[in-house]
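Colleague:
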Amino acid sequence: MALVKPRYSNAGGSIVLAFKGAIQAKTVPHATRTFMVEVTFDTHHLRLAEIMQFLDKKPPAHFHPYQTKFFQVLEGNITIKIDGKARVITPSDGEVHVNPWVHHRSYSAPVTQQNITKFLINGSDTLESNLLDTVFIQNWYGYQDQVVLYGGKVDPIQVLSMFDASGSCLSLPWYVPFNRTISRVLLGVIIGRWLGGLLEYQPFHKE
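So the sequence shown is numbered by the working numbering: it starts at 29 and just counts up by one.
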C-alpha cells in the first residue's frame, strides 16, 4: 500500500523540542507560504555540540525542485551556503531566498556571546504532493534527536524516504554528471520512495 502523507494544519503554536531543549521548532501561521517554522538554537547548550558532530559540523547540502525556500534571522546569525558560497545573515539582511534546484545548506554561525539564535524558515506554495513543510522539519529534528541521544544508526533509506516525501533532494558532488537529476530520480524516487515503500519504511513518524 502506498504511503500517504498526513495532512498538516498550519495554524501555529505546535512546538518541537530536540536535544534536551538545545533546538526548538515552533510553527507560525502564514497566509501565502506552505509553512513557516520559527527555529531557536541555544548556541551554548552542550547538546548542540553533539548534533554538530553528528552532522560533521554542517547539515547535508540539498535542494528543493519545486519550492523557493526562505530564511529570515530574528536574533543572532546563521550561515547559508548557496552553490558552495557561504554567507552569514543577520536580522539586518531581512528575508533571504533560495531558488528551486539550487544546492544549499544552513547552519549556526560560530558561537558568540549571544546565547540565542532565532530564525524563520518557510517555503513557497506548490501543487506538488511531496513538498517541504512543517511535518518534515519536525521529523528531521526528531530523527536526529533519536540517533544522537539514543545511539541509533543513520539509515540511508530512511533519510532518503523522508527527503523524497518532503520534495527535497540530497546534493551529489559537483563533478557527478547530471547530479540533480540522478539525486531526484535514483536517490529520491527509486530508493527513497519505491524501495523504501516496498521495505515498509515510513517517511513520517507519529513520534
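All C-beta atoms in this analysis are idealised placements derived from N, C-alpha and C, irrespective of residue type, glycine included.
On the CB-based measure, 16 or more other CB atoms within 10 Å of its CB, does Phe69 come out buried or exposed?
Modeller: Within the sequence shown, numbered from 1, the residue matching residue 69 stands at position 41. So Phe69 counts as buried.
Colleague: The beta strand (DSSP E) with Val65 in it runs from where to where?
Modeller: Stepping through the sequence shown from its first residue, residue 65 is reached at position 37. Run containing Val65: Phe63 to Asp70, per the beta strand (DSSP E) assignment.
Colleague: Buried or exposed: which applies to Ile117, given that a residue is buried once 16 or more other Cβ atoms fall within 10 Å of its Cβ?
Modeller: Locating residue 117 in the sequence shown gives position 89, where the first residue counts as 1. Ile117 is buried by the Cβ-count criterion.
Colleague: State the Cα-Cα distance for the pair Gly180 and Gln172, rounded to the nearest angstrom.
Modeller: In the sequence shown, counting from the first residue as 1, residue 180 sits at position 152. In the sequence shown, counting from the first residue as 1, residue 172 sits at position 144. Taking the straight line from one Cα to the other gives about 9 Å.
Colleague: Which residues bound the alpha helix (DSSP H) around Ala193?
Modeller: Start at 1 with the first residue of the sequence shown, and residue 193 comes out as number 165. Element bounds for Ala193: Pro184 to Ala193.
Colleague: In terms of residue numbering, what span does the alpha helix (DSSP H) encompassing Val175 cover?
Modeller: Locating residue 175 in the sequence shown gives position 147, where the first residue counts as 1. In the DSSP assignment, Val175 falls within the unbroken alpha helix (DSSP H) covering Thr162 to Tyr178.
Colleague: For the stretch 86-113, list the beta strand (DSSP E) runs that are entirely contained and at least 3 residues long, ordered along the chain.
Modeller: 97-103 and 106-110
Colleague: Between the stretch 100-119 and the stretch 204-217, can you find at least three pairs of beta-carbon atoms closer than 8 Å?
Modeller: no
Colleague: Taking contact to mean 3 or more Cβ pairs, one atom from each stretch, closer than 8 Å, check whether the stretch 161-172 and the stretch 110-130 are in contact.
Modeller: no
Colleague: Beta-carbon within less than 6 Å of Lys97's beta-carbon, same chain only, minus the 5 sequence neighbours each way: which residues are those?
Modeller: The count along the sequence shown starts at 1 and reaches residue 97 at position 69. Answer for Lys97: Val126 and Gly151, listed in chain order.
Colleague: Tell me whether Ser134 is buried or exposed, calling it buried when 16 or more other Cβ atoms sit within 10 Å of its Cβ.
Modeller: In the sequence shown, the residue the question calls residue 134 occupies position 106. Result: buried.
Colleague: Between the beta-carbon of His90 and the beta-carbon of Phe191, is there less than 8 Å?
Modeller: In the sequence shown, residue 90 corresponds to position 62, counting from 1. In the sequence shown, residue 191 corresponds to position 163, counting from 1. Contact flag set, yes.
Colleague: When DSSP builds the beta bridges, which residues end up paired with His132?
Modeller: Here residue 132 corresponds to residue number 104 of the sequence shown, with the count starting at 1. Beta-bridge pairing links His132 to His90 and Ile110.
Colleague: With DSSP run on the structure shown, which of helix, strand or coil describes Arg35?
Modeller: In the sequence shown, residue 35 corresponds to position 7, counting from 1. In this prediction, Arg35 has a pLDDT of 33, which is less than 50 and means its spatial position is unreliable; what the coordinates show is noted afterwards. Reduced to three states, the DSSP call for Arg35 is coil.
Colleague: Round the Cβ separation of Thr145 and Thr71 to the nearest angstrom and send it over; I've been treating them as touching at under 8 Å.
Modeller: The residue given as residue 145 occupies position 117 in the sequence shown. The residue given as residue 71 occupies position 43 in the sequence shown. Rounded, the Cβ-Cβ distance is 5 Å, consistent with contact.
Colleague: When burial is assigned at 16 or more other CB atoms within 10 Å of the CB, is Pro119 buried or exposed?
Modeller: Locating residue 119 in the sequence shown gives position 91, counting from the first residue. When all chains shown are included, Pro119 counts as exposed.
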